[in-house]
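Numbering (this note's numbering), first residue to last: 3 to 103.
As structure tokens, the structure follows; a few thoughts come after it.
This is the structure in structure tokens:
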């Protein structure tokens, strides 16, 4: 719900495994995708989940952003690059956005 509130009708979101999601943002410049990712990260960070036990849990998000380039042979190359950026964000302390240049 947090994610879909920020997306346009042309954008596509989906779970790609476990706690990982992918967003496809057609006709979006890399810097704009990075800005959207940072807005999402902040909204997720501000969200609190209440457990049945009454305990509250804060969420964080590590986000990798990549842009499709015509030099990429497969669309999976873009996902692979975004995944690299995701792990870069995690390695740099988590709860941040890493944008591919």
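Note that the Cβ used here is the ideal one computed from N, Cα and C, for glycine as well.
Ignore the nearest five residues each way along the sequence and tell me which others in residue 19's own chain have a CB closer than 7 Å to its CB.
Within the same chain, residue 19 has no close Cβ partners at all.
Terminal residues of the continuous alpha helix (DSSP H) containing residue 36?
32 to 48 is the span of the alpha helix (DSSP H), which, as asked, contains residue 36.
Which residues mark the beginning and the end of the beta strand (DSSP E) in which residue 58 is found?
58 to 60 is the span of the beta strand (DSSP E), which, as asked, contains residue 58.
Can you tell me whether residue 43 is buried or exposed? The criterion is at least 16 other CB atoms within 10 Å of its CB, across all chains shown.
Buried is the call here.
Bridge partners of residue 17, per DSSP?
Answer is 23, bridged to residue 17.
On the DSSP bridge list, what partners appear for residue 66?
Paired residues: 100.
If you follow the alpha helix (DSSP H) that residue 54 is part of, which residue opens it and which one closes it?
Where residue 54 is concerned, there is no enclosing alpha helix (DSSP H), given that its DSSP letter is neither H nor E.
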